[in-house]
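The sequence shown begins at 1256 in the numbering used here and counts up one residue at a time.
Take a look at the structure below.
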Amino acid sequence: MNERHIYDMIVIGGGPGGYTAAMYAARAGLDVLVLEKLSAGGQMALSEAIDNYPGFEEGIDGFTLAEKMQRQAERFGAKTAYAQARRAALSGAVKTLETDAGTFYARTVALATGANPKPLGIAGETALVGRGVAYCAACDGMRYRGKTVAVVGGGNSAAADALLLSRIAAQVILVHRRDALRATKVYHEPLMQAKNVSFRWNSVVTELLHDGHVTGVRLKDTATGEESELPCDAVFVSIGREPATALVRDQLALDAAGYVIADETTQTNLPGVYAVGDVRAKPLHQVVTAVSDGAVAVQMAEAYLASLTDGGRTAKI
């Protein structure tokens, strides 16, 4: 048996849910490590203005909020390793995580790997994030109060985003590649009745027009091939999200969309493994729900550790 350091908890992902879990775990006296592949914050760090997180009456940018969360967790003793998790063995009393910075061991794991919005995949998109390209209407919609915005997509997310933005923006144009929405019927009537919502059917975005900030989009008609320009101040891309679950796909139960199945306890199908934040299947993916998951996961992990012999601290690998 090899003697290795075994953490009480390893958190995979340094977003808001991950660092909340780390903070709660460290304050509870647990030995906790955060594995983060890039920098704190995850998708939150890309948002220039977060106005719907409590406690910041003037709003705060996502990068700054992420740094604050990391420093707060580390003040209580949480550690951070900048490493990409490559393989995971999550069953058994000791979980093993192989990374590009070595192998780590833990008695519990909080999976906080998030979900990434599907991009349009066109030139300049990444550079214009925060400059008129956005993926979250609830996060960034208020920046475009009284302006003209386009929403790209035709599913439930796009329909919900268009409705939300219709209460904020002066004009909302929903761009969809088909001639009818894929969204459930509950969205159809409210969208059709909204006076400031219009539609560009059978259309795809082929180019982002900009002068350093989005000024419009070039559209191509999927039926005729005809191209046109649509002036707008922002483009909200709502064509789906991809949960980052490749690491655990063969071990944790996932729903049809690939999100980890875990209820409000955050407990997955494997004992001692918890799903936190956007990676978890739930009705609302927001910073505030991610931090809630982080706190709950530690509560459940403490109970799990207490159920093990000597709190699980006699386990060897």
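Positions of the beta carbon are idealized from the N, C-alpha and C atoms, including for glycine.
Here the structure is a predicted model, which means the values were calculated and not measured.
Considering just the uninterrupted stretch of the alpha helix (DSSP H) at Gly1272, what are its terminal residues? Start and end: Pro1271 to Arg1282.
Are there 16 or more other CB atoms within 10 angstroms of the CB of Ala1556, so buried, or fewer, so exposed? So Ala1556 counts as buried.
Evaluate the contact criterion for the stretch 1346 to 1354 versus the stretch 1510 to 1517: three or more CB pairs, one atom per stretch, below 8 Å. Touching, no.
Could you give the distance in angstroms between the alpha-carbon of Ala1501 and the alpha-carbon of Lys1450? If I take the Cα positions, the gap works out to 42 Å.
How about Ala1499 and Ala1370: are their beta carbons less than 8 Å apart? The answer is yes: Cβ separation under 8 Å.
Under 8 Å, with one C-beta from each stretch per pair, do the stretch 1284 to 1293 and the stretch 1382 to 1397 reach the 3-pair mark? With a cut-off of 8 Å, the stretch 1382 to 1397 and the stretch 1284 to 1293 do not count as touching, because too few Cβ pairs lie within range.
Do you know offhand how far Gly1273's Cα is from Gly1480's? The alpha-carbon atoms of Gly1273 and Gly1480 are separated by roughly 46 Å.
Is it buried or exposed for Val1531, if we count other Cβ within 10 angstroms and need 16 for buried? Label assigned to Val1531: buried.
If I'm right that Leu1366 touches Tyr1529 with Cβ under 8 Å, what's the distance once you round it to whole angstroms? The Cβ separation is near 7 Å, so the contact holds.
Assuming contact is defined by CB atoms lying nearer than 8 Å, are Leu1446 and Val1407 in contact in what I supplied? The Cβ atoms of Leu1446 and Val1407 lie no closer than 8 Å to each other.
My assumption, with CB atoms under 8 Å, is that Ala1424 sits in contact with Thr1403. Please give the rounded CB distance. About 7 Å separates the two Cβ atoms, so the contact holds.
Pick out the complete beta strand (DSSP E) segments inside the stretch 1317 to 1370, 3 residues or longer, and give them in chain order. The stretch 1317 to 1370 contains these whole beta strand (DSSP E) runs: 1334 to 1337, 1340 to 1344, 1350 to 1354 and 1357 to 1366.
Does the distance from the C-beta atom of Thr1523 to that of Ala1552 stay below 8 Å? No.
For Met1397 versus Asp1286, is the C-beta distance shorter than 8 Å? Their beta carbons are not under 8 Å apart, which means Met1397 does not touch Asp1286 by this criterion.
Ala1405 beta carbon less than 8 Å from that of Tyr1442: Contact flag unset, no.
Could you check which residue in Arg1341, Thr1275, Thr1358 and Ser1302 has the C-alpha nearest to that of Gly1332? Of the listed residues, the one whose Cα sits closest to Gly1332 is Thr1275.
Classify Arg1362: buried if its beta carbon has 16 or more other beta carbons within 10 angstroms, exposed otherwise. In the assembly as shown, Arg1362 is a buried residue. Its beta-carbon has 16 or more other beta-carbons within 10 Å.
For Asn1257 and Gly1347, I'd like the C-alpha separation in whole angstroms. For Asn1257, the predicted structure reports a pLDDT of 40, less than 50, and the residue's modelled location is therefore unreliable. The matter cannot be settled from this model.
Excluding sequence positions up to five away, which residues of its chain have a Cβ less than 6 Å from the Cβ of Leu1485? Cβ within range, chain order: Gly1471, Val1472 and Leu1474.
Report the residue from Ala1413, Leu1418, Ser1421 and Thr1544 whose alpha carbon sits nearest the alpha carbon of Arg1432. The candidate whose alpha carbon is nearest that of Arg1432 is Ala1413.
CA nearest to the CA of Glu1462, picked from Leu1420, Val1388 and Trp1456: If we check each option's Cα against that of Glu1462, Val1388 comes out closest.
Could you check the C-alpha separation between Arg1326 and Pro1372 for me, to the nearest Å? So the two alpha carbons sit approximately 27 Å from each other.
For the alpha helix (DSSP H) containing Pro1538, name the first residue and the last one. No alpha helix (DSSP H) contains Pro1538, which DSSP labels as neither H nor E.
Candidates Ser1421, Ala1393, Ser1493 and Val1542: closest to Phe1318 by CA position: For Phe1318, the nearest C-alpha among the options comes from Val1542.
Assigned secondary structure, Gly1396 (DSSP; H/G/I helix, E/B strand, else coil): It is helical.
Alpha carbon to alpha carbon, how far is Ala1283 from Arg1504? Give it in angstroms, no decimals. Near 30 Å, if we compare the C-alpha coordinates of Ala1283 and Arg1504.
Sequence-distant residues of the same chain with beta carbon closer than 6 Å to Gly1401, five excluded per side: So the qualifying residues of the chain are Ala1425.
Identify whether Leu1372 lies in helix, strand or coil by the three-state DSSP scheme. Reading off the sequence shown, one finds Pro at residue 1372, where the question assumed Leu. Note: Pro1372 maps to strand in three-state DSSP.
With H, G and I counted as helix, E and B as strand and the rest as coil, what does DSSP make of Ala1530? If DSSP states are grouped into helix, strand and coil, Ala1530 belongs with the strands.
Taking the alpha-carbon of Thr1368 as reference, which of Thr1358, Cys1487 and Val1266 has the nearest alpha-carbon? Looking at the Cα atoms, Val1266 is the closest of the given residues.
Residues bridged to Ile1428 by DSSP? Answer is Ala1405 and Ser1453.
Once you ignore the five residues that flank Val1459 on each side, which residues in its own chain have a CB closer than 8 Å to its CB? Cβ neighbours of Val1459 beyond the five flanking positions: Val1430, Arg1432, Leu1474, Lys1475 and Thr1477.
Which residues bound the beta strand (DSSP E) around Tyr1583? Outside the shown range of the chain (1256 to 1572) lies residue 1583, about which nothing can therefore be said.
I need the boundaries of the alpha helix (DSSP H) containing Asp1416, first residue and last residue. Run containing Asp1416: Asn1411 to Ser1421, per the alpha helix (DSSP H) assignment.
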